[in-house]
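Okay, structure first, notes after.
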Amino acid sequence: MKLLKNLTLGVAAIGMALTATAASAFEPSKPIDFVIMAGKGGGADKMARLMQSIVEKNELADKPLVPTNKSGGSGAEALTYMSGVGDPDHSIMVTLNSFYTTPLRQPGLKVDNMAFAPVARMAEDTFVLWVHKDEGITDFEGFLKEVKSRGNKWVMGGTGKNSEDNIITDHLNEAYGLDIKYIPYKGGGAVAKDLAGKQIQSSVNNPSEALGFYESGDVIPIVAFTNERLPMFPDTPTLNEVSDEEDFAYFMQRSVVGAPGMSDEAQAYYTDLFTKVFESDEWQKYKNDKSLMGEFMSGDDLSEYWGVQIENHEKILKASGAIK
Amino acid sequence: MDIIPALMDGLWIAVQPHNLALAVIGVVVGLFVGALPGLGSVNGVAILLPFTFVINEATSDPAAPMIFLAAIYYGAMYGGAISSITLGIPGASTAVATTFDGRPMALKGQADRALVTAAIASFIGGTVATLFFTGFAPLLSSVALDFGNPEIFALMLLAFATFIGLGGDDIPKTMFSIFFGLLLATVGFDTISGEPRLIFLNEREQAAVLGMVGADPEAVPFFDSVAWFSRGIQFLVLAIGVYGIGEMLWTINASRYKVTMTETTISAKRIWAGIVGMKDAWKGTTIGSLLGFFVGILPAAGATPGSLMSYGVAKMTSRNPRSYGEGNPDGVAAPEAANNSASTGAMLPMMTLGIPGSPTTAVLLAGMVIWGLEPGPRLFEDRPEFVWPLIGSFYVSNLVAVLVNLAFIPLFLAVLRMPFTILAPVIFVLSIVGTYAAYDNMNDVWLMVLFGFGAYFLRVLDYPLAPAVLAVVLGTTAEEKMRQSLLLSDGDFAIFWNPFFDRDGKGQDWWIAPITTWIAVILIALPIVLWAVRKMRGGSSVEA
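As you go down the protein sequences, you meet chains A and B in turn.
Here the working numbering = 1-based position in the first sequence + 1.
Here the working numbering = 1-based position in the second sequence + 305.
This is the structure:
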């Protein structure tokens, strides 16, 4: 494996001019463990692998990022792994909102979010309510009517229990007196596939996850859970527009964190690395194409943002009865 | 677009010098990656992914990077069989089933024949799958969409039903083996609830238990069981333990210090004899090609379950099931045809639905996104200049792979000329290195050794091991799909067996899951009933 890796790197180095800068004091001395807190094929996975390839393609790091999916237990597997990792300076992770919710739900894991190194927030992902075109639903009012008429036979698929998708589903059930059944899946890709196959009736996938089936016309967007309409779906209203008393918008962080115990030098190195990724044409294009929002954030700003988010999620999970 | 002219165009681009060269390099790399225990197609593809940017820029052919990676994928499927047959250690998880009969064939001095059978069966499997792919890709992707949670669970049940036949006559021991495998599959974090299972005690609990038995908790070091088990039991760790270490211990026990050497000679004539001998393996090849492809196109499965299920079905439908496990060419052909067929099949949901059907296709999917392609329902219409040369390359790579593989057989056979006293340490070292290389985790190595000893003792006690290995592979998916289905039905098992069960409030009928379930139930019940009847008639173990 090592031999193969070295061979590849050697060939790649010959093939391309080395442009890596060596400004910071810390340099990785071995391949970087790049943990993905979700399953294969979902939004987080696609994004992590895109980041990895941007780093590889533009020769931004001397050592490769080696992606590993640790999807178990809504991110619990990844969080416990990162908390106990032997070499925090070579371990980074792509996170989403289960970064907040999983430790809140499972205090037994003894994971401290704030101990993770705030490397970079790369974007905030958005959520859209999707239904299959064959349901004959075109707007939110129609959605409410149809869901009510099915009693408890309306199924929402989502990624993981008490995850972002679950939180939005709970909100819809509570605010509109619905009885939507929520079924957790391993990743957003599987959810998108089951919605296209009419195995489930709706999803709150991120645009990046549902885009393929949207373009083929299988699924249609009903409302966006954002403050303003998404440029990609200009005809799709936000939930706040269609409902009088609503003030509900929900976003998901797409951030890179360092393992607890990472040195300041290493953190500075990775922040610098992901700043370059963020500024690359590939990332900016992806961000636009997939309706991602949010500005770059790192260091104390990111820690502060986490503090607010953790507080909000504690309120949401308490309200839904997921935690006491 | 008409398929034939599009395919001809694609084939023409695929045989252009640069693409042909990429296919040859890819196949050779894949062959060795597959043959090394612990490294499989997923490692090979992931490691060489960055190299495709160079290819992309050098050739400006949109399909070239993918042709290279797909060739590695195929090469690895061929290569996995090599160490399974010559060393008895599965080269990759996709080749575990190949050890069942490939190793016994090698021990009988038929290693050359086993290798030729594996190569030809792989070729047929890959080609059959590519033909299906060419003709019916859009249609088949809609079949994949029709398989929801209850359907996939029913299919898993069918797979378990074929295991009953795998364990031989002793049904209770086979059942024990299956349940033990299922138990191992539950270790780690649960997808549905997010709770950890069977990862044992945390620090406080361990201290409490030690206190209860009167030991001093301070004196006993804390065993970090979370770090060991939170990832679950990795399938490859179990497989290498059982078939590498376990098999080696068994051979030492069986040979009792006698130095044995496997007789092998090789010549073009013997390779030809092997090719002619394929007539004894056509059945396994057929089953593997068809079943492997079907399992491959279902997201959530992939080549490993495909090959194991094909082995089970081949054995179950055989007129002489007892010859399986003793070196039956059909037992080599079925899994080998299946893993190639399934790996082509797994490309289908990846390309047409954007859903990876196997770990390797997940990496390929990421590659496509990076090269600016959008895998999904519109790929075939939007990007024919990518799709058709790639499909063309499937044919080319398969042909290249079988030729390269046959050419390398003398080299692989040299391994077998080593006496067992040398081979045993080699197997031991390769098992350890392979386990470590797979996940970079030392705990896995200890677990692997533990599984090896466990497997040896179970084998001494005459427990069949294959059903346990299969249960570990399918257990996780089966459990997840069963629980998702039961959430859907509010806990009502009727969703599996009753076609009129109303899933979505629209009063539709659902036939696929119930039919599959009923077939599975009959397959499970039949041998158990026969076994019970035999027992009652006086315990004769002669087959009815």
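For every residue, glycine included, the Cβ atom is placed at its ideal position computed from N, Cα and C.
Cβ contact (3+ pairs, closer than 8 Å) linking the segment 815-824 of chain B and the segment 451-466 of chain B: yes
Cβ-heavy atom distance, B/LYS588 to the ligand ZN, below 7 Å: Of ligands this structure carries none, so the ligand ZN is not represented either.
B/MET655 versus B/VAL668: straight-line alpha-carbon distance, rounded: 10 Å
Near-chain B residues of the segment 161-187 of chain A - C-beta to any C-beta below 9 Å: GLY161, LYS162, ASN163, SER164, LYS182, TYR183, ILE184, PRO185, TYR186, LYS187
Any chain A beta carbon closer than 8 Å to B/ALA647: no
Opening and closing residue of the alpha helix (DSSP H) in which B/ARG788 lies: 771-793
Residues, ordered as in the chain, of the segment 533-556 of chain B that lie near chain D by beta-carbon distance below 8 Å: Among the protein chains of the structure shown, namely A and B, there is no chain D.
Residue-chain proximity (A/LEU402, chain B), Cβ-Cβ < 8 Å: Outside the displayed span of chain A (2 to 325) sits residue 402 of chain A, for which this structure offers no information.
Sufficient close CB pairs (3 or more, under 8 Å) joining the segment 363-372 of chain B to the segment 409-425 of chain B: No, because fewer than three Cβ pairs between the segment 363-372 of chain B and the segment 409-425 of chain B fall closer than 8 Å, the two stretches do not touch.
Contacts that A/SER75 makes with chain B (C-beta to C-beta distance below 7 Å): GLY499
Opposing strand residues paired with A/LEU66 [DSSP bridges]: DSSP output for A/LEU66 lists A/ILE33 as bridge partner(s).
Close beta carbons around A/LYS277, own chain, < 7 Å, minus the five adjacent residues each side: LEU61
Residues within the segment 322-356 of chain B neighbouring chain A, beta-carbon criterion of under 7 Å: LEU344, ASN348, ILE352, LEU353, PRO355, PHE356
Identity of the residue in B/ASP797, B/PHE801, B/SER702, B/ASP767 nearest B/ILE372 by Cα: B/SER702
Residue span of the beta strand (DSSP E) that contains A/LEU130, given as start and end: 129-133
A/LYS149: contacting residues in chain B (beta-carbon distance under 7 Å): None at all; the shortest Cβ gap to chain B is about 11 Å.
Touching by the beta-carbon criterion (3+ pairs, under 8 Å), the segment 38-54 of chain A and the segment 672-680 of chain B: yes
Inter-residue Cα distance where the pair is B/THR591 and B/GLY430: 8 Å
Close beta carbons around A/LYS325, own chain, < 6 Å, minus the five adjacent residues each side: none
Contact with chain A by B/LEU835, beta-carbon distance below 8 Å: no
Beta-carbon proximity list for B/VAL692, same chain, < 6 Å, skipping 5 on both sides: Once the five neighbours on either side are set aside, the close Cβ partners of B/VAL692 are PHE685.
Beta-carbon spacing of A/THR160, A/LEU318 below 8 Å: no
Pair within 8 Å by beta-carbon distance, B/ILE580 and B/ILE696: Cβ atoms of B/ILE580 and B/ILE696: not closer than 8 Å.
Contact check, B/ALA386 vs B/ALA423, beta carbons under 8 Å: In this structure, the beta-carbon distance from B/ALA386 to B/ALA423 falls below 8 Å.
Contacts around A/LYS187, its chain only, beta-carbon distance under 7 Å, and the 5 residues preceding and following it disregarded: GLY40, SER72
Residue-level contact to chain B via CB, A/ASP113, 8 Å cutoff: Residue contact check for A/ASP113 against chain B: no CB pair falls below 8 Å.
Between the CA atoms of B/ALA825 and B/ASN803 - distance to the nearest angstrom: 14 Å
DSSP three-state assignment for B/PRO501, whether helix, strand or coil: strand
Neighbour-count burial assignment, A/TRP284, 16 or more Cβ in a 10 Å radius: buried
Candidates A/ASP282, A/PRO68, A/SER84, A/LEU293, of which the one nearest A/VAL326 by Cα: Here chain A has residues from 2 to 325 only, and residue 326 of chain A is not among them.
Limits of the beta strand (DSSP E) - the one that B/ARG418 falls within: Careful: B/ARG418 lies outside any beta strand (DSSP E), inside the alpha helix (DSSP H) at 416-451.
Test: B/LEU793 CB closer than 8 Å to a CB of chain A: yes
Cut-off 6 Å between Cβ atoms - residues of its own chain near A/LYS149, not counting five sequence neighbours on either side: none
For A/ALA260, the three-state DSSP class (helix, strand or coil): coil
Contacts around B/GLY589, its chain only, beta-carbon distance under 6 Å, and the 5 residues preceding and following it disregarded: ALA619, ASP635, ALA638, ALA639
Ordered list of beta strand (DSSP E) runs contained in the segment 119-169 of chain A, each at least 3 residues: 129-133, 156-160
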